[in-house]
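Quick notes on the structure that follows.
Right under this line is the structure:
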């Protein structure tokens, strides 16, 4: 009988020992602190993944130009809708929202730099070391307990330029033609004229002394009152240059059959929105066949009548596009450009200084500006040869002159 | 008694082996995670890549080479979290026989001159041993992707052999974003020569994109401790206006260093050779077409046939101000207007 009792005891002891061994191993595996180095590197990686995630979210708002502000809904309403994509002001609103939502929590948050949450950097600034010709900069701070790591995010602006399609183009003055092509080149032209908001950003970035004054309100109206040298400096700041006349013509003359990149004859059009100029309302007015004014004309050309009728300028800005996608071509403010072939013809005069009937409202018809003054005498208002009309000299002074930039891209190899 | 002993032994063996197996799995997983994380951190800010094993990349097959030899797979130019520029070298030791373990992946620092040759004996920043095979894939715009979609500018390493269940190897890809890399900064080695791939022409593309393609298009992410936002740590003397910053020879090859990113004003294209597909460049400001200045480029095909290029008197390749003509500036071999 004793032997039978011992058997049972042995069995029980064996099972208990086995269970104890298993339990202790399990406890060792799950409750013993893991290797510190292993934990640390995993945490660092997760932190960096969250940085990348934050950057993706910022990039989306930057590209799309929209988000739903809660704290300050008025923050983005002052920015015209067509200028919200790749807009540093809108992005700054978004970043402020992020900071407000985060409160005292850690994580990845934007930090204020000198100049604000979003600043412009340019290769033309300071030590000339910047890796991109021009970008907007956001600084993110990654908080890891007591540690913190800053990250610089550089954002390129892809929203406000159009690519000039690769094909053969033509510059023309009178009966003389100059053919050229941009095959094998990347040329990007500003969609809109440079605005006051952009000049303010430039002033802040280069810490310009003295505040500019504008004749009228409106931060997204064309920037005027800049001398030619200042316009060129601004374009250089953006990694670009002042647009030249032959590029402007390429972007505005309707090419006819867009699919033919090397046509035998490169046509020119009178107006940017149509190939068939003589059937157009503007041609009829200019020929004296019609004189009635319609507000709808101002969607295509912002002439003197539009200003008199107080038609909102913004409607013109968002509707008056050329075949290539650039806006603000006919009417508005006169636009200066560098003319390689005829330097004395450096300003496209079609503007709100002239009525619809004026022959200044035709593509390729340019005057001259001295580049340094804004009085009437600083301009040559003589129409080029071939334009049958009496000269009309504006009496308004100072004359407002706008501009846009163009970039002939090159991808650097480090 | 015997049966009790057998029972006891059986219980102990069963418990022990299952726990040991778990321990092995935990260690393998831990090693892989640690390797992945360290690689992720070290290669995150990569802005330039040199691939030596081009034949093995994107082939869908394991990296091959002489057994037990260390192969330099790739070189990475990157910036660490302290803002210091580094060159890192990824080595792979080919296992003895494909079906056995013994392979070894190792990431090490380059030497002071930025060379990777012979550095496989250096202490590893990240490494993984006892692997059976390694497959590498990098997803780039325009390159046909593998069956499983990988995001652009991500490097994928498929490492087999370190983690198995029931004898079946599990390929768990390691995915690494190379955040600041773009296509113009990828070099390949073919034979023994480094080949620098020039940016492709856009003549065939109607609408080109402004954005530099990267992991996030048009975005760079750099450690905040960088003393200056510059990827080139060498001397950055400013190139003066009017100086040639990109020289192209008649064979359309780049001659010398490209210094256009050091111009005070943006560079612009000029005609400096007979190359029919590429222009040289000169530092701005752009005054092309004016007297004494480079001629503006007319393009390669403004007639119905390719135009003659090159630096010669009266060349139609350049555009000048009305009344001026093209001449060759012999000292700079540049087409100018006079």
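Residue numbers (our numbering), protein chains in the order written: chain A, 6 to 419; chain B, 40 to 377. The beta carbon of each residue, even a glycine, is placed where N, CA and C say it ideally should be.
Query raised in the report: Quick one: Cα of residue 69 of chain A to Cα of residue 399 of chain A, how far?
Result: So the two alpha carbons sit approximately 41 Å from each other.
Report task. Measure the CB-CB distance between residue 205 of chain A and residue 410 of chain A and report whether it falls below 8 Å. Result -> Cβ atoms of residue 205 of chain A and residue 410 of chain A: not closer than 8 Å.
Requested in this report: Scan the stretch 337-353 of chain A for residues whose Cβ lies nearer than 9 Å to a Cβ of chain B and list them as they occur along the chain.
Outcome: Under the 9 Å Cβ criterion, the stretch 337-353 of chain A contributes 343, 344, 345, 346, 347 and 348.
Query raised in the report: Leaving out five residues before and five after residue 67 of chain A in sequence, what residues of the same chain have Cβ atoms less than 7 Å from its Cβ?
Result: So the qualifying residues of the chain are 91, 96 and 160.
Query raised in the report: When DSSP builds the beta bridges, which residues end up paired with residue 386 of chain A?
Result: Answer is none; residue 386 of chain A lacks a bridge partner.
Query raised in the report: First and last residue of the beta strand (DSSP E) that includes residue 164 of chain A?
Result: Premise fails: residue 164 of chain A is in no beta strand (DSSP E) and is neither H nor E.
Report task. Compare the beta carbon distance of residue 302 of chain B and residue 322 of chain B with 8 Å and say whether it is the shorter of the two. Result -> In this structure, residue 322 of chain B lies closer than 8 Å to residue 302 of chain B by Cβ.
Query raised in the report: When the cut-off is 8 Å and only beta carbons count, does residue 374 of chain A lie next to chain B?
Result: So, not an interface residue.
Requested in this report: Check the Cβ of residue 154 of chain A against every Cβ in chain B and list those closer than 9 Å, keeping chain order.
Outcome: Against residue 154 of chain A, the close residues of chain B are 120, 262, 263 and 264, in the order they occur along the chain (beta-carbon pairs closer than 9 Å).
Query raised in the report: To which residues of the same chain is residue 319 of chain B closer than 8 Å at the C-beta, ignoring the five residues directly before and after it?
Result: For residue 319 of chain B, where only same-chain residues beyond five positions count, the Cβ hits under 8 Å are 283, 285, 286, 287, 308, 309, 310, 311, 312 and 373.
Query raised in the report: Just by C-beta distance, which residues in the stretch 161-173 of chain A are closer than 7 Å to chain B?
Result: Flagged, chain order: 161, 163, 166, 168, 170, 171 and 173.
Query raised in the report: Do we get a CB-CB distance below 8 Å when we pair residue 43 of chain A with the residues of chain B?
Result: For residue 43 of chain A, the answer is yes, since a Cβ of chain B falls inside 8 Å of its Cβ.
**Report entry** Three-state secondary structure assigned by DSSP to residue 30 of chain A
**Finding:** If DSSP states are grouped into helix, strand and coil, residue 30 of chain A belongs with the helices.
Query - CB contact flag (residue 172 of chain B, residue 47 of chain A, <8 Å) - result: Not closer than 8 Å, so no.
Query raised in the report: Among A:110, A:140, A:99 and A:183, which has the Cα closest to the Cα of residue 148 of chain A?
Result: Taking only the C-alpha atoms, the option nearest residue 148 of chain A is A:110.
Query - C-alpha distance - residue 72 of chain B paired with residue 80 of chain B, whole-angstrom precision - result: Distance between the alpha carbons of residue 72 of chain B and residue 80 of chain B: 12 Å.
Query raised in the report: Rounded to a whole number of angstroms, what is the C-alpha to C-alpha distance between residue 365 of chain B and residue 252 of chain A?
Result: As the crow flies, the alpha-carbon of residue 365 of chain B is around 20 Å from that of residue 252 of chain A.
Query raised in the report: Hey, is residue 206 of chain A close to the ligand FAD, as in C-beta under 7 Å from one of its heavy atoms?
Result: In terms of ligand content, the structure shown is empty, and the ligand FAD therefore cannot be addressed.
Report task. Could you pull the start and end residues of the beta strand (DSSP E) that residue 132 of chain B belongs to? Result -> Looking at the DSSP string, the run of the beta strand (DSSP E) that includes residue 132 of chain B is 124-132.
**Report entry** Close-in-space but distant-in-sequence residues of the same chain around residue 365 of chain A (CB under 6 Å, 5 per side omitted)
**Finding:** Leaving aside the five residues that flank residue 365 of chain A on each side, the residues in its chain whose CB is nearer than 6 Å to its CB run, in chain order, 354, 355 and 359.
Query raised in the report: From the beta carbon of residue 49 of chain A, is the nearest beta carbon of chain B less than 8 Å away?
Result: With its beta carbon less than 8 Å from one in chain B, residue 49 of chain A belongs to the interface.
**Report entry** Alpha-carbon spacing of residue 55 of chain A relative to residue 176 of chain B, whole angstroms
**Finding:** Residue 55 of chain A and residue 176 of chain B: Cα-Cα distance of roughly 24 Å.
Report task. Locate the beta strand (DSSP E) running through residue 126 of chain A, then write down its first and last residues. Result -> DSSP places residue 126 of chain A in the uninterrupted beta strand (DSSP E) bounded by 124-127.
**Report entry** At least three beta-carbon pairs within less than 8 Å, the stretch 123-135 of chain B to the stretch 146-164 of chain B
**Finding:** Contact holds: three or more Cβ-Cβ distances are below 8 Å.
Query raised in the report: Should the stretch 171-191 of chain A be called in touch with the stretch 316-329 of chain A, which here means at least 3 C-beta pairs below 8 Å?
Result: Touching, no, given that fewer than three Cβ pairs across the two stretches are closer than 8 Å.
Requested in this report: Over the uninterrupted beta strand (DSSP E) stretch that includes residue 367 of chain B, give me the two end residues.
Outcome: In this chain, the beta strand (DSSP E) harbouring residue 367 of chain B covers 365-368.
Query raised in the report: Taking contact to mean at least 3 C-beta pairs separated by less than 8 Å, is the stretch 372-383 of chain A in contact with the stretch 275-285 of chain A?
Result: When Cβ pairs closer than 8 Å are counted between the two stretches, the stretch 372-383 of chain A is seen not to touch the stretch 275-285 of chain A, the count staying below three.
Requested in this report: For the alpha helix (DSSP H) holding residue 324 of chain A, just list the boundary residues, first then last.
Outcome: Where residue 324 of chain A is concerned, the enclosing alpha helix (DSSP H) stretches over 318-324.
Requested in this report: Excluding the 5 residues preceding and the 5 following residue 252 of chain B in the sequence, name in chain order all residues of the same chain whose CB lies nearer than 7 Å to its CB.
Outcome: Result list for residue 252 of chain B: 180, 191, 221 and 222, in chain order.
**Report entry** Own chain residues within Cβ distance below 8 Å of residue 162 of chain B, not counting five before or after
**Finding:** Cβ-Cβ distances below 8 Å link residue 162 of chain B to 147 in the same chain, with the five nearest sequence neighbours on each side left out; the list follows chain order.
Query raised in the report: Any C-beta of chain A sitting closer than 8 Å to the C-beta of residue 305 of chain B?
Result: It does; some Cβ of chain A falls within 8 Å.
Query raised in the report: Cα separation between residue 11 of chain A and residue 44 of chain A?
Result: So the alpha carbons of these two residues sit roughly 49 Å apart.
Query raised in the report: Rounded to the nearest angstrom, how far is the Cβ of residue 103 of chain B from that of residue 95 of chain B, given a contact under 8 Å?
Result: So it is a contact: roughly 7 Å between Cβ atoms.
Query raised in the report: Under the three-state reduction of DSSP, which class applies to residue 97 of chain A: helix, strand or coil?
Result: The answer is helix: DSSP assigns residue 97 of chain A an H, G or I state.
Requested in this report: Using a cut-off of 8 Å between C-beta atoms, extract the partners of residue 320 of chain B located in chain A.
Outcome: Under the 8 Å cutoff, chain A gives 415.
Report task. May I ask you to list the residues that DSSP assigns as paired with residue 1 of chain A? Result -> Because chain A here runs from 6 to 419, residue 1 of chain A falls outside it and cannot be looked at.
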